[in-house]
Amino acid sequence: MHHTVDIRDLHFTYGDGTRALNGVNLYIAPGEKVALVGPNGSGKSTLFLHLNGILRGEGEVFVCGKQVQDDTLGAVRAAVGMVFQDPDDQLFSQSVFDDVAFGPIYMGYGPLEVDQRVDRALKAVGMQSAKGRVSHHLSQGEKKRVAIASVLAMDPEILILDEPSADLDPRARREFIQLLAELPQTMLVASHDMHMVAELFSRMVIIDKGSIVADGAIAELMRDTKLLEAHGLEAPCGFNP
Amino acid sequence: MLLSPEPLHIPDGFLSPIMAFLGWLLAVIVVGIALRQTRQQLGERQVPLMGILAAFIFAAQAINFPVAAGTSGHLLGGALAAIVMGPWAATLIMTAVVSVQAFIFQDGGLLALGWNILNMGVLTAFTGYFSYRWLWGKIGSSTPARVAASFAAAWISVEVGALSTAIELALSNTSPLAIALPAMVGVHAVIGIGEGLITGGAVRILQLSRPEVFEVGESAPGKMGATFIVCGLLLAIILAAFSPLASPNPDGLEFVAEQGDFLSRALDPSITILPDYTVPFIKHPATTTIFAVMLGTLLVFALALIIGRKASRSEG
Amino acid sequence: MHISILDIYHARESLIHKLDPRVKILASFIIILTTVILPEGAWVSQGVLFGLLILLSISARLGPFFTIRRAFIALPFLLAALPIPFLTSGPTAWVVPGLGWVVSSNGLIRFMTILVRTWVAVQAGILLSATTEVSDLLWGLNALRAPKLIVTIIGFMVRYLFILADEALRMLRARTSRSPKLAGVKRPGLIWQGRVAGMMVGNLFLRSLERSERVHAAMLSRGYDGEMRIFHQPSMKNLDWIMLLSILSIALSVIVLSLWS
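Residue numbers (the working numbering), protein chains in the order written: chain A, 1 to 241; chain B, 1 to 316; chain C, 1 to 261.
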């Protein structure tokens, strides 16, 4: 069985000269749930954008058995379910149905199959009743769920989420964490929410200034307060591994 | 708050059916070209970029500032859109804005939508763009030069929009040219200042914080071709407007003269309108002449289009 | 903090709402075209059109006064037509006291005609947007051969309208919060005000640009390839055809009626 994510020595520099990634190596096996933490500007989002080929750097990026290059983009983007930080960026269609159907439509499925996928995806996130609604009318928590549904409809192998619990009120956040716990897919989640990280994940990767500085069991890393502080992080209070 | 404050949105009922049809025809042609040009220019980004920038213009039209005694200055946006994104992209953006205003807010009629798109979308974008490029070339490339050029370009664009609106109203026999023209152009000379200030201010902040955004507009396609199109359109409108005056029927000139007379003698209570006075466009025996002239200008326009497209294709 | 575009569409359980969007769009155009084509002074015909709109408004469960209330938007533009009563030749109807300006009856008829035309047209437009959701409206336009690209662009525009309008509103509020009117203090000048407004516009532009880049990335992530695909919708039902043909025949008979009298 192949890896889900295999990044080898990835370098990336933005057009204005900012060095965003400095030789990143990352391996994620199928079924793993991994948290990516680091201060703002450390390169989390940049790294994510390499995983579905929106950005291309130097080095090799393998995702779900395929190397990310021009001719594999379609397959890669179907296998990688990327959920962005601001759900309004992701829900760009006229209705919830249209947004969740977008992915399957572009994968080439017919109307019947698209309908079924939309229903399944919305059910998985508990938003079946929202099918005909305009995304503008949804709450922040509801939008985030629909955003997840919009990628679930493509049957991805891995879910990649960027700051999923940001902007959520406590109740919505609790419901969201529950949802993430239930979803079976491999996951890579970038987050500042150390409580959620400690609750949901067993493996944590720390990134700072474009390099991976630590990669291991959460229980261990969370105890290393010096390491955490050095990279602008804090263990959640009351954390007891 | 969402309604555009610019009195340029012509409602239905003010343009004759022929004029409305002509407007739609021209608008369809120009927007069609704009779609192709921007596709080349922007590729896949085209749809989300144009859509969101259209939403931006709409929202920006709500940003006002106090001018005097309760009135405020607003933005129409065609010139700004063209300065940053190029005239064809601006055409698309403004088409979306004007169409939404017409269909959803009834700000501007549906039959009149053709001319409204041309006035507020095409003419403002192109005259704004070319004024800007030309002035900027003449004044210099510093930030103050850019700001000054965009101020002037925005003002000109609003005036041109007002000019063409007045002419279209006149050609439809709704508002006599001698009244509509000075009224429209006069009012918009003041409104244009607001447009100029906001556009200049926006350009300034963009130049200071993210000057690279101007690269899109500077490398925009079809400059040569666009010149032909814009000049052609303007020429066509102006020629059509003054055609009755150029006709053998002296009513045209007499009409303007009497207007002047009428206005200056308005305060004399013993004078009534001369009994043999007619509004020439209505009683004009040569509605066919006007039609012929319009047809002719359409041909001129089409010719300019063909030449223009060849020119823009050759320069890529 | 939501802008009034949400107030335009009024959801109701009505036959009119359920009509195919193509029919509603075409019907609006037919009514508008008819009112504009009718000769001057065709009051009976215009009255019939107006009555038709009231009828449609009632069957849309919006009540008879719905469109009338909202039709005053076109009023400001009527100023452009104001000179007409004074400049059209014909028998005198009225003389302005003190100024001696003469209003001819022909001119009055012309002016009233324009008034009525505008009014009928605006009401038709109001009815259309009140009974048709934006997404349906856009689909209908596309189905009627409007370019797919323009329709999709407008779709994005409408989708992000609220978000950008909210951002603009927040900027305006922030400005107001920082602009106290202090007694005895001179207000900043025109140029400064314009500059501030321009700054807000420039800022909003940058945010919009960045937003569009993120949206584009989200689209790519779900397989977008540059081609817009619009879903097929059900075809016209009997009721749709009946409605369309009825409106067309009313329009034609109204025109014939006007030519007769």
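In this text, a Cβ means the ideal position worked out from N, Cα and C, and glycines have one as well.
How should residue i be labelled, buried or exposed, when 16 other C-beta atoms within 10 angstroms of its C-beta is the threshold for buried?
i, result
"residue 155 of chain B", "buried"
"residue 65 of chain C", "exposed"
"residue 147 of chain B", "buried"
"residue 9 of chain B", "buried"
"residue 17 of chain C", "buried"
"residue 207 of chain B", "buried"
"residue 12 of chain B", "buried"
"residue 44 of chain A", "buried"
"residue 40 of chain A", "exposed"
"residue 241 of chain C", "exposed"
"residue 2 of chain A", "exposed"
"residue 217 of chain A", "exposed"
"residue 143 of chain A", "buried"
"residue 116 of chain B", "buried"
"residue 312 of chain B", "Its pLDDT being 41, under 50, residue 312 of chain B is placed unreliably in this model, and the value from its coordinates should be taken loosely. Under this definition residue 312 of chain B is a buried residue."
"residue 170 of chain C", "exposed"
"residue 113 of chain A", "exposed"
Quick one, which of the options has its alpha-carbon nearest residue i's?
i, options, result
"residue 182 of chain A", "A/126, A/235 and A/150", "A/126"
"residue 110 of chain C", "C/93, C/101, C/124 and C/99", "C/93"
"residue 26 of chain A", "A/99, A/18 and A/61", "A/61"
"residue 51 of chain B", "A/93, A/229 and A/187", "A/93"
"residue 122 of chain C", "C/54, C/71, C/7 and C/142", "C/71"
"residue 20 of chain C", "C/234, C/8, C/245 and C/165", "C/234"
"residue 83 of chain A", "A/70, A/229, A/24 and A/191", "A/191"
"residue 53 of chain C", "C/238, C/124 and C/186", "C/124"
"residue 8 of chain A", "A/19, A/14, A/68 and A/54", "A/68"
"residue 118 of chain B", "B/65, B/90 and B/37", "B/90"
"residue 166 of chain A", "A/149, A/150, A/153 and A/189", "A/189"
"residue 212 of chain A", "A/202, A/231, A/200 and A/201", "A/231"
"residue 150 of chain C", "B/219, B/28 and B/15", "B/28"
"residue 102 of chain B", "C/126, C/113, C/165 and C/99", "C/126"
"residue 207 of chain A", "A/104, A/23 and A/17", "A/23"
"residue 15 of chain B", "C/82, C/114, C/62 and C/258", "C/114"
"residue 98 of chain A", "C/135, C/120, C/84 and C/102", "C/135"
Cβ closer than 8 Å: which chain B residues qualify as neighbours of residue i?
i, result
"residue 83 of chain C", "175, 176 and 179"
"residue 121 of chain C", "11, 12, 13, 109, 110 and 111"
"residue 77 of chain C", "7, 9, 10, 11 and 14"
Cβ closer than 7 Å: which chain C residues qualify as neighbours of residue i?
i, result
"residue 198 of chain B", "194, 197, 198 and 201"
"residue 82 of chain A", "221"
"residue 346 of chain B", "Nothing about residue 346 of chain B can be reported from this structure: the residues present for chain B run from 1 to 316 only."
"residue 210 of chain B", "206"
"residue 146 of chain B", "Residues of chain C passing the Cβ test: none, with the nearest at roughly 12 Å."
"residue 106 of chain B", "73, 122, 125 and 126"
Just the chain C side, please: which residues come within less than 9 Å of residue i by C-beta, in chain order?
i, result
"residue 116 of chain B", "Within chain C, no residue comes near residue 116 of chain B; the closest Cβ sits about 11 Å away, beyond 9 Å."
"residue 64 of chain B", "172 and 197"
"residue 74 of chain A", "223 and 225"
So which residues of chain C does residue i contact, with C-beta pairs closer than 8 Å?
i, result
"residue 77 of chain A", "220, 221, 222 and 223"
"residue 52 of chain A", "220 and 221"
Using a cut-off of 8 Å between C-beta atoms, extract the partners of residue i located in chain A.
i, result
"residue 217 of chain C", "49, 54, 84 and 89"
Quick one: list the residues of chain A neighbouring residue i, beta-carbon separation under 7 Å, in chain order.
i, result
"residue 12 of chain C", "Under the 7 Å cutoff, chain A gives no residues; its nearest Cβ is about 16 Å from residue 12 of chain C."
Could you list which residues in chain B have their beta carbon closer than 7 Å to that of residue i, in chain order?
i, result
"residue 178 of chain C", "Result: empty, since nearest Cβ-Cβ is about 14 Å, beyond 7 Å."
Of all the residues that make up the segment 155-166 of chain C, which are near chain A by a beta-carbon distance shorter than 7 Å? 155, 156, 159, 162 and 163
Using 8 Å as the Cβ pair cut-off and three pairs as the minimum, do the segment 177-192 of chain B and the segment 118-134 of chain C touch? no
Can you give me, in chain order, the residues of the segment 24-57 of chain C that have a beta carbon less than 8 Å from any beta carbon in chain B? 28, 29, 32, 33, 35, 36 and 37
Could you say if the segment 21-36 of chain A and the segment 192-203 of chain A meet the contact criterion of at least three C-beta pairs nearer than 8 Å? yes
If contact is defined by three or more beta carbon pairs under 8 Å, each pair taking one atom from either stretch, is the segment 216-230 of chain A in contact with the segment 38-54 of chain C? no
For the segment 124-142 of chain B against the segment 77-93 of chain B, are there 3 or more C-beta pairs whose distance is under 8 Å? yes
Three or more beta-carbon pairs under 8 Å between the segment 44-63 of chain B and the segment 202-219 of chain C, yes or no? yes
Pairs of beta-carbons, one from the segment 71-90 of chain A and one from the segment 37-52 of chain A, closer than 8 Å: are there three or more? yes
Check distances from the C-beta atoms of the segment 45-58 of chain B to those of chain C and list, in chain order, the residues that come in under 8 Å. 45, 46, 47, 48, 49, 50, 51, 52, 53, 54, 55, 56 and 58
Assess contact between the segment 136-153 of chain B and the segment 87-95 of chain B, defined as three or more Cβ pairs (one per stretch) separated by less than 8 Å. Is contact present? no
Validate contact between the segment 50-65 of chain B and the segment 151-163 of chain C using beta carbons, cut 8 Å, 3 pairs: yes
Pairs of beta-carbons, one from the segment 161-180 of chain B and one from the segment 16-24 of chain B, closer than 8 Å: are there three or more? yes
Would you list, in chain order, the members of the segment 98-113 of chain A that have their beta-carbon closer than 7 Å to a beta-carbon of chain C? 102, 103, 105, 106 and 107
Got a sec: which bits of the segment 150-164 of chain A sit with their beta carbon under 8 Å from any beta carbon on chain C, in order along the chain? 150, 151 and 154
Short of 8 Å Cβ to Cβ, which residues in the segment 124-146 of chain C face chain A? 134, 135 and 138
Residues in the segment 75-89 of chain B having any Cβ partner in chain C nearer than 8 Å: 75, 80 and 84
Would you call the segment 100-108 of chain A in contact with the segment 149-157 of chain A, where contact means no fewer than 3 C-beta pairs closer than 8 Å? yes
For the segment 126-158 of chain B, which residues have a CB atom closer than 7 Å to at least one CB atom of chain C, in sequence order? none
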